[in-house]
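Down below is the structure, laid out as C-alpha cells.
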Amino acid sequence: MEGEVMVRQPLLHEQLVALAAPTQAWSGADGQIRAGRPELHGVFHADVRVLSEALLTIDGVEPEAIVTAGAGAGTVRVVGLARGLDGPGADPTTRIDLERTVTPGRMRERLTLSSAAAGTVRATVRVRLGADLLAMDLVKRGRTGDPTVPTRTAAGLRWAGAGAAAGGIGIRVQAPGARIDLDDPIAPTLIWTVTAEPGRPAELEWDLECEDAAGVVRAAPPAPSRPADAVGGRLPWSTPTVDAWDRRLPELLTRSLDDVAGLLMSSAQAPDEIFLAAGAPWFFTLFGRDSIWAARMMLPLGTALAGGTLRTLAAFQGRVVDRATGEEPGKILHELRRAPIGAGHARLPPLYYGSIDATPLWVCLLADAWRWGLPDAEVAALLPAAERALDWMVRYGDADGDGFLEYDSDGRGLANQGWKDSDDSVRWRDGALATPAIALVEVQGYAHEAALAGADLLAAFGRPGADRWRDWAGELATRFRGAYWVSDARGPYPAIALDAQKRPVDSVASNMAHLLGTGLLNADEERAIADRVGGAALDSGYGLRTLAVGSGGYWPLSYHGGAVWPHDTAIAVHGLARAGFGEVAARLGDGLVRAAPAFDFRLPELFAGDAAADVSRPVPYPASCRPQAWAATAAVAILQARLGLTADVPNGIVRVRPAGSGPLSVSGLRLGTEELAVSVDARGGVDVQAPAGYRVEGPAGFRATSRGGT
1 MEGEVMVRQP
11 LLHEQLVALA
21 APTQAWSGAD
31 GQIRAGRPEL
41 HGVFHADVRV
51 LSEALLTIDG
61 VEPEAIVTAG
71 AGAGTVRVVG
81 LARGLDGPGA
91 DPTTRIDLER
101 TVTPGRMRER
111 LTLSSAAAGT
121 VRATVRVRLG
131 ADLLAMDLVK
141 RGRTGDPTVP
151 TRTAAGLRWA
161 GAGAAAGGIG
171 IRVQAPGARI
181 DLDDPIAPTL
191 IWTVTAEPGR
201 PAELEWDLEC
211 EDAAGVVRAA
221 PPAPSRPADA
231 VGGRLPWSTP
241 TVDAWDRRLP
251 ELLTRSLDDV
261 AGLLMSSAQA
271 PDEIFLAAGA
281 PWFFTLFGRD
291 SIWAARMMLP
301 LGTALAGGTL
311 RTLAAFQGRV
321 VDRATGEEPG
331 KILHELRRAP
341 IGAGHARLPP
351 LYYGSIDATP
361 LWVCLLADAW
371 RWGLPDAEVA
381 ALLPAAERAL
391 DWMVRYGDAD
401 GDGFLEYDSD
411 GRGLANQGWK
421 DSDDSVRWRD
431 GALATPAIAL
441 VEVQGYAHEA
451 ALAGADLLAA
461 FGRPGADRWR
471 DWAGELATRF
481 RGAYWVSDAR
491 GPYPAIALDA
501 QKRPVDSVAS
511 NMAHLLGTGL
521 LNADEERAIA
531 DRVGGAALDS
541 GYGLRTLAVG
551 SGGYWPLSYH
561 GGAVWPHDTA
571 IAVHGLARAG
581 FGEVAARLGD
591 GLVRAAPAFD
601 FRLPELFAGD
611 AAADVSRPVP
621 YPASCRPQAW
631 AATAAVAILQ
641 ARLGLTADVP
651 NGIVRVRPAG
661 SGPLSVSGLR
671 LGTEELAVSV
681 DARGGVDVQA
691 PAGYRVEGPA
701 GFRATSRGGT
C-alpha cells in the first residue's frame with residue numbers, strides 16, 4: 001500500500017544521474033540507490049520507478065566513497081574504499097570501482113574490487129535490490145510504494161507492474177556468477193564471493209533491462225531512419241569546435257550537447273521522429289513548449305531535430321474541442337504522459353493541451369527551421385498544420401475576441417498556461433495575484449512573430465493567406481501598444497499580462513524580454529526593454545531573474561518569482577541580439593557562463609536569483625531538473641548571440657554581427673547540410689567561411705571566404 005512520507009523538495013543537485021531517454025538512474029553521491037529516501041533515488045523508465053533500491057555492501061559494510069566522476073550523460077563512476085579489507089599501515093589497500101551505464105531501456109553496473117595487499121583478499125559482495133514500480137508523479141509528491149515480489153527466471157529475476165500507471169512495465173535482472181538470495185522476497189540480494197590480488201582485480205557485473213508494452217515515449221530511432229538527417233552520424237546535430245578566450249564557454253557547450261544527447265527520444269505515435277524530452281527527472285517526456293524552444297536554440301547545429309520535433313507535435317495537433325484535456329482544433333499539446341498526473345484541480349490527463357504559447361511557437365520554429373535550411377519538401381508537408389495553428393490563434397486562442405491570446409483554466413488543469421505555469425507566477429507590483437483570464441505579454445509577441453512568419457511561409461510556397469496574417473500582426477501591434485505599457489520611476493515598460501478586466505498587471509518581470517526580436521515593438525520600445533533587462537533589478541550577474549528585485553512577492557528561491565532560469569535568459573539573449581543590443585546580450589550570456597562551473601557545467605532548470613556580488617557561486621534550487629533540455633541548449637543560443645549569427649538559407653544569406661569581448665572561433669556550424677565557420681580575433685576582426693553561393697553580411701572590414709573560393 002502506498003504511504004505518505006515527509007514531503008520536501010529533493011536536493012537533486014547533490015545526486016548522481018545517468019540517463020539515456022527514456023531511462024534514468026538517480027542515486028546518492030556515493031552511488032547507492034537507497035529505498036525510502038525523501039531524495040529521489042531509483043531507476044526510472046518512462047514515468048515509472050522500476051528499481052527503488054540497489055544497495056552495495058562488501059562483507060556487510062557499505063564502501064566509503066571518495067570520488068565521483070561522470071563520463072557522458074549515460075555513465076557515472078564512483079571510487080570507494082573497502083576499509084574492512086585494508087591491510088596494516090596508513091594507506092588504503094582495497095578499493096571498489098562502480099561504473100553505472102544507462103542506455104535506453106537498460107542499466108548495467110560493473111564492479112571492480114582491487115587490492116594492493118600483500119596476500120589474497122577474499123570478500124563477499126552483495127547488492128540488495130528492491131522494485132516498487134511506482135509512478136514518477138507519486139514519487140514527486142513524496143509517496144512511497146511497497147516493494148513488489150519478483151519471480152525467479154532461468155537467467156535471474158523479473159518484476160512486473162500492474163495498474164494504469166505501471167501496467168505493461170516490467171524489468172529483468174541478470175547477474176552472471178552471482179547467487180540470488182530470496183530469503184526476503186521483497187529485497188532479493190545478488191551475492192558474489194570473490195578474491196582479489198595485486199594486479200588481479202575481481203570484476204563483477206549485473207544488468208537491468210526494462211520492458212514497456214504500453215509506453216507513450218521510447219528511445220530515439222537510429223540515425224539512418226531519420227528523414228533528411230542533415231548532419232549524419234549518431235546524432236541529429238553537429239558538434240562544433242569552439243576556441244574562446246573564456247575557456248568556460250566551450251566547456252559549457254561540450255557538456256550541454258552531451259546532456260542533450262541523453263534527452264533525445266521519440267513517441268509511440270510518431271516512432272520515426274525525434275524530439276528532446278523536457279528534462280530529468282520530472283519532465284522526461286514530450287512537452288510542446290519546452291521541446292520547441294530546445295529545437296529552436298539548436299538550429300545553428302542542424303535542422304533534423306527541429307524537423308522531428310515539428311512532425312511529432314503535428315501528429316498530436318488538436319482536432320476537436322475537449323474541455324477535459326484542453327484540446328482544440330489546431331492546438332499544439334502541452335505534455336504527454338502514460339497516465340494522469342497530479343491531484344485535485346491540477347490533475348492532468350495523459351494527453352494535455354493546456355498551453356497558450358506552444359501553438360504560435362510551433363509556427364515560429366517551422367519558419368526558423370526553414371530559414372536555417374530545413375528542406376522545402378519537409379516544410380511544404382507541414383504547411384497545412386501551420387495553417388491550422390494560425391487559425392487556432394484567432395478562433396480559440398483569443399477566446400473573448402479582444403484581439404489578444406489569453407487563457408482561463410476554468411478550474412481545470414494548470415492555473416497558469418504560459419511558461420511560468422505555477423499558481424503564483426502572475427502578480428501585481430504589490431504582490432497580489434492577478435485574476436484570470438490572463439493575456440500574457442510574451443504570448444502576444446509569439447503570436448505576432450508567428451503571424452509574420454506564417455505569412456512569409458505561405459507566400460514563399462504559393463499558398464493564400466499571407467496578406468491576412470500580415471494585416472492581423474499589424475493590428476495586434478497597435479492594440480498591444482495601447483494596452484500593455486505602464487510606467488514607474490524608471491520609465492515605461494510592458495506589463496506582465498492583462499487580467500480578467502483587461503487591466504495591465506504591472507509587475508516588472510522577465511517576460512518582457514521575450515518580445516525582443518518578434519517585430520511587435522518599435523525601436524524605442526525595444527530600447528526601453530533592453531535597458532530594463534540589463535539593469536541590476538533583473539540581471540543577477542548569473543542570469544536574468546524572473547521577477548525584479550523590489551517587486552511584491554520577489555524571493556530569490558521563488559520558482560517563477562525571482563529565480564534565474566537559464567532558458568529564460570537565453571531567450572532574452574537571443575532577442576537582444578536580434579534587436580541589435582549585442583552588448584547587453586553578451587553581458588547576460590556571460591552571466592550564465594559564469595554560473596556554469598558551480599553546476600559542473602550542467603546548467604540546471606533554474607537556480608536562485610541572488611546577486612553575483614553577494615554570493616561567490618549561484619545558490620541551487622532544491623528540485624531543479626538536471627539535465628534539462630532548454631537549459632542545456634541555452635549554451636548554443638549564447639554562442640549564436642556572441643556571433644550575432646542569423647541565416648536565410650532560402651535566399652542564400654548569412655549575417656554575422658559579433659558582440660562581447662575576446663577572440664572566438666567556431667567551426668562546425670550548419671546551414672542546411674553545409675558547414676559554416678566564424679572567427680572573431682582579439683581586435684574584433686571577423687572571418688566567415690561560408691558555403692559557396694552564399695552572400696555574407698557582416699561588420700565593416702569583415703572577411704568572407706567561400707568554401708568554393710574567395
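Numbering (the UniProt record's numbering), first residue to last: 1 to 710.
No residue lacks a Cβ here, since even glycine has one placed at the ideal position from N, Cα and C.
Computed from a prediction, not measured in an experiment: that's the story for all the values here.
Reduced DSSP category for residue i - H, G, I as helix; E, B as strand; rest coil
i	result
Y694	coil
C625	coil
T359	helix
M297	helix
F581	coil
L669	strand
V231	Any answer about V231 is weak, because its pLDDT of 42 lies below 50 and its placement is not dependable; what the coordinates show is given next. Three-state result, V231: coil.
R226	For R226, the pLDDT reaches just 45, beneath the cut-off of 50, and the residue's location in the model is therefore unreliable, although a value from the coordinates is still provided. The answer is coil: DSSP assigns R226 none of H, G, I, E or B.
P350	coil
D146	coil
W26	strand
E39	coil
A537	coil
G199	coil
L544	strand
H13	helix
H334	coil
D368	helix
Contact check, residue i vs residue j, beta carbons under 8 Å
i	j	result
A634	T569	yes
V564	S540	yes
Y396	E442	no
F284	D290	no
M136	R49	yes
M393	A447	yes
L515	I529	yes
V593	R248	yes
L257	T239	yes
G668	E675	yes
G582	G644	yes
G373	Y353	no
S661	D243	no
Per DSSP, the bridge partner or partners of residue i
i	result
residue 713	No answer is possible for residue 713: the residues shown for the chain start at 1 and end at 710.
L498	A439, P504
R655	T646, E697
T633	DSSP lists no partner for T633.
G80	A65, I96
S115	T94
L157	R152, V173
T124	T193
S679	S665, D687
Pick from the options that is closest to residue i, judged by C-alpha positions
i	options	result
R587	R617, D531, A632, P622	D531
G474	A500, A244, N522	N522
L351	Q269, C364, P566	Q269
E197	G693, K331, L113	L113
R319	T93, D391, A415, Q640	D391
A700	G693, A690, V680	V680
V584	A641, R545, H567, L606	A641
A509	V486, Q501, E251	V486
R347	G413, A389, A367	G413
L498	G534, I274, F404, G462	F404
R124	D132, L134, L111	For clarity, residue 124 is Thr in the given sequence; the question names Arg instead. The shortest C-alpha separation from T124 is found at L111.
A367	G307, G482, T94, A339	G307
V139	D398, I341, V666	I341
T23	I186, W237, S266	S266
G105	L19, R545, M298	L19
Whole-Å CB distance - residue i paired with residue j, under 8 Å assumed
i	j	result
D30	A65	4 Å
L51	I171	7 Å
V636	V688	That pair is no contact at about 18 Å.
Q317	S355	Between S355 and Q317 the Cβ distance is about 13 Å, and since that is not below 8 Å, they are no contact.
D259	A632	5 Å
E205	E109	7 Å
A82	P63	6 Å
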